[in-house]
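Residue numbers (the working numbering): 882 to 1211.
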């Protein structure tokens, strides 16, 4: 009965432990070393033996670390190495073998891991990247900038609604908007007054394109730059519609129902600075809603155009190095 009991105990112990064995030949030149990584769980028993194939390879160093740099065992100037270690912490262990002899030597390396767990310990790798920067270097780079361009600057007179109806005058006009290539967005600035001299004076003071360029250079934010601009003075109201099709432009002209761009449309305004985001084909439909009085209108259309120029820039070019860090797969 007693032998059977011991056999059962042996089978239970054996079944709860996993065993890993490794055997390899390591070739090292004079003063050359090699690192061998060994995964292990806490309480695993690791047995390592290293024997040179050459009888003359008498001077060798053997070091064992808990990865990456905690030294556990150090044996220097010996021919062979043999150790059995019980592991105290889960992790990766680094065995370093160094040939301190004057000639090439082959080494027989054997290690065995008797694990405290049912599964064998395994090594995984995480990729890590380190970035350093080299010396400052000059190079040509493409720099994008916005520039405001005045594309139309006009004044005109619109009759009252009654004059347009009874005497054949016009109380509305259509202005085609010709945007330059690479327009990002555009604006129109307007002022309306019954007094022609007021409009002449206002038109002569229009310099919104140059002001906008100045503020963009200082701020780099379009909306912030526009908020620094003050609309021109105005005395009387008008209606201005942004129209995006030939058909609707013709309907507006013929006083029929038409569609307009709500973002850029202004009704019953005396003056203003109006942003239009769409860069599709556009028209400005301008109307005098007054039944009795005609009005003079001054208008300037400004396009914000994206431009690219080559500029010299001093940069520290990044040097990115990738490497693998071993870890114990749990």
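The beta-carbon is built from N, C-alpha and C at its ideal position, and this holds for glycine as well.
Nearest residue (CA-CA) to residue i, options the options
i: residue 1141; options: 1127, 1004, 1180; result: 1127
i: residue 1199; options: 1015, 919, 1074; result: 1015
i: residue 1079; options: 1176, 944, 1207; result: 1176
i: residue 1112; options: 968, 1019, 1156; result: 1156
i: residue 919; options: 992, 943, 944, 1133; result: 992
i: residue 1075; options: 922, 1173, 963; result: 1173
i: residue 994; options: 925, 1032, 1055; result: 925
i: residue 1182; options: 963, 1066, 1201; result: 1066
i: residue 996; options: 915, 1073, 922; result: 922
i: residue 1033; options: 1068, 1131, 1013; result: 1068
i: residue 1201; options: 917, 968, 1013; result: 1013
Rounded separation between residue i and residue j - CA only
i: residue 1039; j: residue 1170; result: 10 Å
i: residue 1144; j: residue 1084; result: 24 Å
i: residue 934; j: residue 949; result: 29 Å
i: residue 1196; j: residue 1022; result: 10 Å
i: residue 1215; j: residue 1148; result: Because the chain here runs from 882 to 1211, residue 1215 falls outside it and cannot be looked at.
i: residue 975; j: residue 1017; result: 39 Å
i: residue 906; j: residue 1192; result: 59 Å
i: residue 1211; j: residue 979; result: 31 Å
i: residue 952; j: residue 977; result: 11 Å
i: residue 1151; j: residue 1188; result: 34 Å
i: residue 945; j: residue 1208; result: 16 Å
i: residue 1035; j: residue 1180; result: 5 Å
i: residue 903; j: residue 990; result: 8 Å
i: residue 1055; j: residue 1037; result: 12 Å
i: residue 1165; j: residue 1123; result: 5 Å
i: residue 1062; j: residue 1190; result: 16 Å
i: residue 942; j: residue 915; result: 11 Å
i: residue 1044; j: residue 1132; result: 20 Å
i: residue 1130; j: residue 1136; result: 10 Å
i: residue 899; j: residue 930; result: 20 Å
i: residue 973; j: residue 917; result: 10 Å
i: residue 954; j: residue 901; result: 21 Å
i: residue 1125; j: residue 1019; result: 46 Å
i: residue 1077; j: residue 1186; result: 32 Å
Nearest-angstrom Cβ-Cβ length linking residue i and residue j, presumed shorter than 8 Å
i: residue 1160; j: residue 1064; result: 5 Å
i: residue 1070; j: residue 1096; result: Contact doesn't hold; Cβ gap of about 14 Å is too wide.
i: residue 988; j: residue 932; result: 7 Å
i: residue 1184; j: residue 1060; result: 5 Å
i: residue 971; j: residue 947; result: About 10 Å; that fails the 8 Å criterion.
i: residue 1031; j: residue 1090; result: 4 Å
i: residue 1154; j: residue 1110; result: 6 Å
Per-residue burial, residue i [other beta carbons within 10 Å of its own, 16 or more giving buried]
i: residue 1011; result: exposed
i: residue 1057; result: exposed
i: residue 1053; result: buried
i: residue 1138; result: exposed
i: residue 1204; result: exposed
i: residue 892; result: For residue 892, the predicted structure reports a pLDDT of 38, less than 50, and the residue's modelled location is therefore unreliable. A value from the coordinates is still provided. With fewer than 16 other Cβ atoms within 10 Å, it is exposed.
i: residue 965; result: exposed
i: residue 1006; result: exposed
i: residue 1163; result: buried
i: residue 1108; result: exposed
i: residue 1008; result: exposed
i: residue 1004; result: exposed
i: residue 887; result: The pLDDT assigned to residue 887 is 39, lower than 50, so where the model puts this residue is not dependable; a value taken from the coordinates is nonetheless given after this. It is exposed - the Cβ of residue 887 has fewer than 16 other Cβ atoms within 10 Å.
i: residue 1206; result: exposed
i: residue 1072; result: buried
Cβ-heavy atom distance, residue i to the ligand SAH, below 7 Å
i: residue 968; result: No copy of the ligand SAH occurs in the structure displayed, which carries no ligand at all.
Exercise. Does the pairing of the segment 1019-1030 with the segment 932-941 give three or more beta-carbon distances under 8 Å?
Worked result: With the cut-off at 8 Å, the segment 1019-1030 and the segment 932-941 do not touch.
Problem set entry | the segment 1112-1129 in contact with the segment 1156-1175 per 3-pair CB rule at 8 Å | Touching, yes, given that three or more Cβ pairs across the two stretches are closer than 8 Å.
Problem set entry | At least 3 beta-carbon pairs within less than 8 Å: the segment 996-1011 vs the segment 952-966 | With contact defined as three or more Cβ pairs closer than 8 Å, the segment 996-1011 and the segment 952-966 are not in contact.
Exercise. Three or more C-beta pairs closer than 8 Å, one from the segment 910-920 and one from the segment 973-984: is that the case here?
Worked result: With the cut-off at 8 Å, the segment 910-920 and the segment 973-984 touch.
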